[in-house]
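Below is one structure, written out as structure tokens, with a few remarks after it.
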Amino acid sequence: MHASQTLEPQQDCRSCTLRRQSLFCNLTPEAAHDFEAIKSSSMYPGGSVLFIERDPFRGVYLLCTGKIKLTISSRQGKTLILQLVRPGEVLGLMAAISGTPYEATAETMEPCQLAFIRSEDFSRFVHKYPEVYKSMLRQTSSQYFGACQQIRNIALSASSRQKLARLLLEWSADGKETSEGTRISVPLTHEQIAECVGSTRETVTRILSDFKNRHLVALRGTTIVIPDRSALAAIGGE
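Okay, here's the thing in structure tokens:
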């Protein structure tokens with residue numbers, strides 16, 4: 022894990038222009054002051070590994086900007102992406118609550134700004150501010166639900182085609198409705214998409230091409246447009 026020394030992070034969360042509803046954003050003035058005293062902000066280049074599955078818990082990370090993937094791996098070396106972490110989300114909450122090692126591997130997908138809070142400081146902070154602890158439980162529950170949904174889509178889908186259709190539908194829930202259909206940003210390679218559905222890059226490329234030819238999706242760089250969600254849902258078995 023290496024923080025970049027060439028990029029300057031936003032140091033004070035209270036003056037951040039990217040503030041949103043999050044565990045550590047929009048705190049009370051007193052809590053925000055205490056949080057500033059215990060966090061350490063750094064920039065990380067893409068491809069940085071923050072922690073590895075089963076590493077001892079050291080602390081939590083608040084993602085301020087960028088994208089991070091959480092993955093698990095089998096003994097055979099097969100990798101599955103459990104979650105794509107967005108700005109405002111916190112990594113390591115499950116380990117913080119349970120006192121167990123990190124449950125997944127966290128790797129930056131592009132340059133990211135993160136705030137790190139050591140385990141001891143984090144424990145004192147959430148016990149001092151019960152409202153933060155409650156928010157932590159809500160986010161952990163949401164992350165757990167998302168991971169269960171991801172596993173359910175893979176385990177209960179009959180084919181890679183069905184898995185990919187369900188994944189696109191899941192992503193479309195956060196998409197933008199346009200006159201062409203639902204527009205979603207997918208800043209992933211075909212290899213990374215394959216890791217989301219437990220498939221191979223070649224299979225994902227072939228299925229996306231078929232979806233395009235059947236006018237189920239329109240592919241435009243890192244943007245995918247879904248003209249008719251119901252048609253894609255029929256393939257996903259929903």
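Per the numbering used here, the sequence shown starts with residue 22, numbered consecutively.
For each residue, glycine too, the CB sits at the ideal point set by N, CA and C.
DSSP-derived helix/strand/coil call for Phe-72:
Here Phe-72 sits in strand by DSSP.
Expressed to the nearest angstrom, what Euclidean distance is found between the alpha-carbon atoms of Ile-245 and Ile-205?
A straight-line Cα-Cα distance of about 5 Å links Ile-245 and Ile-205.
Taking only the alpha-carbon atoms, compute the straight-line gap between Glu-152 and Ser-144 and give it to the nearest angstrom.
The straight-line gap from Cα to Cα measures roughly 13 Å.
Is DSSP giving Leu-28 helix, strand or coil here?
Caution applies to Leu-28, whose pLDDT of 49 falls short of 50 and renders its modelled position unreliable; the value that the coordinates give is listed next. Correct three-state label for Leu-28: coil.
CB-CB under 6 Å to Arg-182, same chain, minus the five flanking residues each way: which ones, in chain order?
For Arg-182, same chain residues with a beta-carbon under 6 Å away, outside a window of 5 residues either side, are Ile-228 in chain order.
What is the rounded straight-line gap between the Cα of Leu-28 and the Cα of Arg-107?
Its pLDDT being 49, under 50, Leu-28 is placed unreliably in this model, and the coordinates cannot settle the point.
Option nearest Glu-128 by Cα separation, candidates Arg-187, Gln-213, Ala-53:
Nearest C-alpha to Glu-128: Gln-213.
Beta-carbon proximity of Leu-103 to Thr-92, cut-off 8 Å:
Closer than 8 Å, so yes.
With burial defined as no fewer than 16 other Cβ atoms inside 10 Å of the residue's Cβ, what is the status of Gln-26: buried or exposed?
Low confidence applies here, because Gln-26 scores a pLDDT of 42, under 50, leaving its location unreliable; read the following figure in that light. Exposed, by the Cβ-count rule.
Quick check on Phe-166: buried or exposed, where buried means 16 or more other Cβ atoms within 10 Å of its Cβ?
Around the beta carbon of Phe-166, a 10 Å sphere encloses fewer than 16 other beta carbons of the protein chains shown; the residue is thus reported as exposed.
Within the continuous alpha helix (DSSP H) that includes Gly-202, where are the two ends?
It is not in any alpha helix (DSSP H) - Gly-202 instead sits in the beta strand (DSSP E) that spans 202-206.
Hey, quick one: how far does the beta strand (DSSP E) through Cys-133 stretch, first residue to last?
Going by DSSP, Cys-133 is part of the beta strand (DSSP E) stretching over 133-139.
Determine the burial state of Gln-170: buried for a count of at least 16 other Cβ atoms within 10 Å of its Cβ, exposed for fewer.
It is exposed - the Cβ of Gln-170 has fewer than 16 other Cβ atoms within 10 Å.
Within 8 Å, do at least three Cβ pairs link the region 128-141 to the region 82-92?
Yes: at least three Cβ pairs fall under 8 Å.
According to DSSP, is Tyr-154 helix, strand or coil?
When secondary structure is reduced to three states using DSSP, Tyr-154 falls in the helix class.
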